[in-house]
Each structure stands twice: as structure tokens, then as C-alpha cells.
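Residue numbers (numbering that gives the first Met the number 0): 0 to 192.
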Amino acid sequence: MQTLRLLARGEPVLPAEIARAAGVAPQRAEESLRSWPLVFWDDQDCIIGFWGLAIRPLKPTHSMELDGRTVYGWCAWDTLFIPEILNTEIHVESTDPQNGEKVQLTVTPDEVKEVHPRETMVSFLLPVGPVGADVVQSFCHFVHFFSSPESGQQWIADHPGTFLLTVEEGFELGRRTNQLRMMPMSSNRPGRR
0 MQTLRLLARG EPVLPAEIAR AAGVAPQRAE ESLRSWPLVF WDDQDCIIGF WGLAIRPLKP
60 THSMELDGRT VYGWCAWDTL FIPEILNTEI HVESTDPQNG EKVQLTVTPD EVKEVHPRET
120 MVSFLLPVGP VGADVVQSFC HFVHFFSSPE SGQQWIADHP GTFLLTVEEG FELGRRTNQL
180 RMMPMSSNRP GRR
């Protein structure tokens with residue numbers, strides 16, 4: 000998770016920086032990062048995107064403002080689980096792909112504090128198999144915020160295999176996913192079994 004924390008500064012990150020922060024050998028860090036599909040690199044061999052967080056906008060854009068900096072989620076759901084990983088409050092701005100309305104949220108590590116419009120929903124993709132190497136195309140392009148249940152229903156009617164969640168349900172799913180992701184790391188810490 001050091002990679003996400005470093006990337007949240009809003010600047011490209013060298014693998015050597017990640018290695019230092021994680022306390023591993025630089026070569027091991029770079030080999031691991033290059034073997035993972037959820038890592039985006041720039042032309043200078045710096046990381047510019049990792050596990051749902053990017054320093055440059057993607058389309059559609061899910062901007063996240065944290066500590067005076069703007070970074071971007073790969074999909075709507077990323078903006079709901081990344082605040083817990085970074086242990087910070089994030090202000091989210093997105094656009095409903097069906098009607099063009101602006102959606103704004105404030106998400107903390109513990110809850111979704113503010114949602115505008117109040118009826119905002121998030122689409123999700125049925126988990127019928129592996130996402131694949133291009134997670135943005137195979138998953139993220141199906142996970143959006145909608146300003147109302149009606150707008151979301153119109154969109155999912157045209158996108159088989161998708162369904163709607165409330166923002167709170169999406170947040171809870173992210174929290175549970177974070178717990179599963181952290182299990183292997185926390186079980187390796189001293190004093191843990």
C-alpha cells in the first residue's frame with residue numbers, strides 16, 4: 000500500500016521510492032511492480048497509476064481531492080475504498096454518464112459523509128470471472144456514479160451484467176475488500192498469527 004500512499008502525492012513515483020518506503024530491495028520492488036497488471040507506467044519508468052489511483056485523469060473522470068492535491072480514481076468504486084487505505088478524507092467529483100449531472104461526495108476512512116445528490120447510486124459489474132489484465136476496459140468502464148436510481152436504471156438496462164448499489168453499499172463492499180487485501184500483509188507482521 001506504500002505505492003498508493005506515494006502516488007497520492009499527485010506525482011510520478013520511481014520504483015526505488017516504493018522500495019525505500021516498503022523496506023525492500025529496489026530490484027525486488029521493480030520486478031514485483033512490473034509483474035502486476037494494475038500498474039501504469041510513464042515513459043520515464045515511473046508509476047503514474049496503481050490499483051485504482053492515477054495522477055492523470057482517465058475517461059470518465061472521477062477526481063479525488065485530498066490534502067490540497069487532485070488525483071483520480073479509475074472508476075467510481077475506487078473513490079469509495081481508497082480513503083480507508085490512505086487514512087484520509089477525500090472529496091470526490093464525478094459525472095453521471097447517463098444525464099451529465101455532477102455528483103459530489105466526501106468520503107472518510109470510516110464513512111461516506113456527504114453525497115450530492117442524496118440519491119446517488121453506483122453501478123457495478125457482476126463478478127462472473129476474472130477481470131483480466133486491462134481492468135479499466137473490463138471493469139472500470141462499467142462502474143460509475145449516477146445522480147439518481149432512475150438514471151442508473153436507464154444505464155444498466157443498456158449494459159447487461161451490471162447492477163446498482165447505494166453509495167453506502169459500495170463503500171461497505173470496498174471496506175470488506177480492503178480487509179481481504181490487508182489480511183496477508185497483517186498476518187506477516189510481528190505478533191500476528
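All C-beta atoms, glycine included, are put in the ideal place defined by N, C-alpha and C.
Which partner residues does residue i have in the DSSP bridge list?
i: V106; result: I89, V111
i: T161; result: L124
i: T94; result: K101
i: T145; result: Just to set this straight, residue 145 is Phe in the shown sequence, not Thr. F145 pairs with M120.
i: F39; result: G48
i: V12; result: I46
Am I right that residue i and residue j are in contact with their C-beta atoms under 8 Å? What's the rounded C-beta distance?
i: F49; j: L6; result: 5 Å
i: M63; j: I89; result: 5 Å
i: I17; j: Q1; result: 6 Å
i: R8; j: R55; result: Rounded, the Cβ-Cβ distance is 14 Å, inconsistent with contact.
i: W73; j: G99; result: Rounded, the Cβ-Cβ distance is 21 Å, inconsistent with contact.
i: H61; j: T78; result: 5 Å
Quick one: Cα of residue i to Cα of residue j, how far?
i: L104; j: A24; result: 39 Å
i: P148; j: V142; result: 14 Å
i: S185; j: H115; result: Unreliable positioning characterises S185 in this predicted model, as indicated by a pLDDT of 46, which lies under 50. The coordinate reading is nonetheless provided below. Whole-angstrom Cα-Cα distance: 35 Å.
i: R117; j: T165; result: 10 Å
i: V111; j: T119; result: 12 Å
i: F162; j: G173; result: 16 Å
i: G190; j: M181; result: For G190, the predicted structure reports a pLDDT of 44, less than 50, and the residue's modelled location is therefore unreliable. A value from the coordinates is still provided. Cα to Cα, the separation comes out at about 16 Å.
i: S146; j: S122; result: 11 Å
i: A75; j: Q153; result: 18 Å
i: E171; j: V106; result: 12 Å
i: W26; j: V91; result: It should be pointed out that residue 26 corresponds to Gln in this sequence rather than to Trp. Going from the Cα of Q26 to the Cα of V91 covers about 35 Å.
i: G160; j: G22; result: 41 Å
i: R19; j: L13; result: 10 Å
i: E168; j: E30; result: 36 Å
i: P108; j: V70; result: 17 Å
Can you tell me which of the options puts its alpha carbon nearest to the alpha carbon of residue i?
i: P11; options: T107, V91, V121, F39; result: F39
i: R175; options: E29, D133, F80; result: F80
i: A156; options: L65, R19, Q97, L13; result: Q97
i: L32; options: P59, G151, G72, L3; result: L3
i: S93; options: A15, V135, L57, R19; result: L57
i: C45; options: A28, P59, R180, F162; result: A28
i: V102; options: H140, L179, S150; result: S150
i: N177; options: E168, H140, A21, E83; result: E83
i: V135; options: A53, D95, A20, D41; result: A53
i: H158; options: S137, E168, V70, P108; result: S137
i: W35; options: D133, P126, L125, L179; result: D133
Using a threshold of 7 Å, is the CB atom of residue i nearer than that to any non-hydrogen atom of the ligand ZN?
i: P59; result: You won't find the ligand ZN in this model; it holds no ligand whatsoever.
Whole beta strand (DSSP E) elements within the stretch 46 to 91, 3-residue minimum | 46 to 49, 61 to 65, 68 to 72
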